[in-house]
Amino acid sequence: MSFILFAEQVLNGLQLGVMLFVMAAGLTLVFGVMGLINLAHGSLYMVGAFAAAAVAGLTGSFVLALVAALAAAAAAGALVEMLVIRRLYDRDHLDQVLATFALILIFSEGTRWIFGSFPLFLNIPDYLAGPVTLPGGIQYPLYRLTLIAIGLAIAGGLFLLISRTRLGIQIRAGENDREMIAALGVDISKLYTIVFALGAALAGLAGALVGAIQSVQVGMGEPVLILAFVVIVIGGIGSIKGALVGAILVGLTDTLGGVLLPELFKTFMDNAAASSIGSALASMLIYILMACVLIAKPTGLFGART
């Protein structure tokens with residue numbers, strides 16, 4: 037494999053990783069603060085993608101499409117939290133799983149009813165289209181580099197939010213002792229709604245950004261949700277830093293594994309068999325990575341011990 041191809045795949049893995057982080061950050065916040073298993077998080081990713089595609093189609097503005105994705109996903113998240121999720125905090129995890137799975141079906145059928153069954157397409161804006169030349173003669177799409185930059189900027193913003201703001205102090209306190217901060221006068225219901233809406237907005241933004249390089253269709257959030265759960269298990273539940281590190285590890289492992297393993301098997305078998313076996317093993321690598329991390333550290337890389 038040439039250096040240029042390897043570098044391109046590393047960048048692809050980094051781009052996948054930071055987008056997984058944007059998706060997983062909201063999920064780990066919700067679970068860490070609220071103790072809620074939210075299977076409907078992928079549906080909020082889908083809501084953001086469809087809102088962005090619809091607004092971009094009406095206005096032709098990519099920026100307005102991203103704003104619409106943030107607003108629609110945050111509004112849907114706040115509404116879901118107040119109407120459904122709020123009743124699940126004192127229930128066991130099985131009830132949470134069943135209720136949020138039902139929300140997946142509601143969101144999927146509702147989206148299909150509004151937009152139809154055919155996929156929508158969100159075009160990359162002209163000012164972000166085309167490749168750029170990086171050091172070493174690497175030609176790489178400008179839009180994917182922009183996704184990496186946006187993801188890292190969101191990571192920095194979340195670190196500042198959690199560590200330097202009053203809301204961040206309340207979120208960290210809520211992770212450790214929600215009864216105590218409620219006794220100190222913090223409106224815990226309002227805090228939960230804000231955290232859930234923030235997580236939903238991040239998922240919707242991720243859906244809109246990725247929707248420009250993939251088709252926007254019903255059910256697009258569920259495969260990403262699985263990867264997001266792997267990310268937070270590897271990084272440690274409730275840890276934003278863990279979500280970032282875990283997402284980059286998953287992105288690089290998934291992307292490089294899909295390229296390197298078939299090349300490795302081609303050295304001692306024919307190309308067709310090497311591609312088939314290598315691709316099958318590559319799809320297992322992230323779960324092998326997760327198992328290895330959990331064997332070494334059952335709470336994840338940055339998870340707090342209970």
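Numbering (the working numbering), first residue to last: 37 to 342.
Backbone N, C-alpha and C define an ideal beta-carbon position, used for all residues, glycine too.
What separation, rounded to the nearest whole angstrom, lies between the Cα atoms of residue i and residue j?
i                : j                 : result
alanine 185      : leucine 197       : 18 Å
phenylalanine 39 : proline 171       : 12 Å
valine 83        : phenylalanine 304 : 46 Å
leucine 300      : leucine 238       : 37 Å
alanine 264      : isoleucine 174    : 29 Å
lysine 302       : valine 46         : 21 Å
aspartate 131    : serine 153        : 30 Å
leucine 139      : tryptophan 149    : 15 Å
glycine 187      : valine 168        : 19 Å
glycine 282      : valine 267        : 5 Å
arginine 208     : tyrosine 125      : 18 Å
valine 269       : alanine 308       : 34 Å
leucine 63       : leucine 181       : 24 Å
From the DSSP output, in three-state form, read off residue i for me.
i                 : result
valine 120        : coil
phenylalanine 338 : coil
glycine 71        : coil
aspartate 290     : helix
serine 38         : coil
threonine 303     : coil
tyrosine 81       : helix
Would you say residue i and residue j are within 7 Å of each other, going by their C-beta atoms?
i             : j                 : result
alanine 105   : alanine 92        : no
valine 252    : alanine 85        : yes
threonine 289 : leucine 321       : yes
leucine 261   : glycine 78        : yes
leucine 75    : phenylalanine 143 : no
alanine 89    : leucine 156       : yes
glycine 278   : leucine 337       : yes
glycine 240   : alanine 109       : yes
What's the call for residue i, buried or exposed, on a 16-neighbour Cβ count within 10 Å?
i              : result
alanine 199    : The question names alanine, but residue 199 is serine in the sequence shown. Result: exposed.
proline 298    : buried
threonine 229  : buried
glutamine 250  : exposed
glycine 287    : buried
asparagine 159 : exposed
Hey, would you say the C-beta of residue i is under 6 Å away from at least one heavy atom of the ligand MG?
i           : result
alanine 191 : Absent from the structure shown: the ligand MG. Ligands present: none.
Next item on the list: Pick out the complete alpha helix (DSSP H) segments inside the stretch 216-282, 4 residues or longer, and give them in chain order.
Entry: 224-247 and 257-271
Note to self: Extract the residue ranges of the beta strand (DSSP E) inside the stretch 128-204, only unbroken runs of 3 or more that lie entirely within it.
What the structure shows: 167-170 and 174-177
Next item on the list: Only counting runs of 4 or more residues, tell me where the alpha helix (DSSP H) segments fall wholly within the stretch 93-120, in order along the chain.
Entry: 98-119
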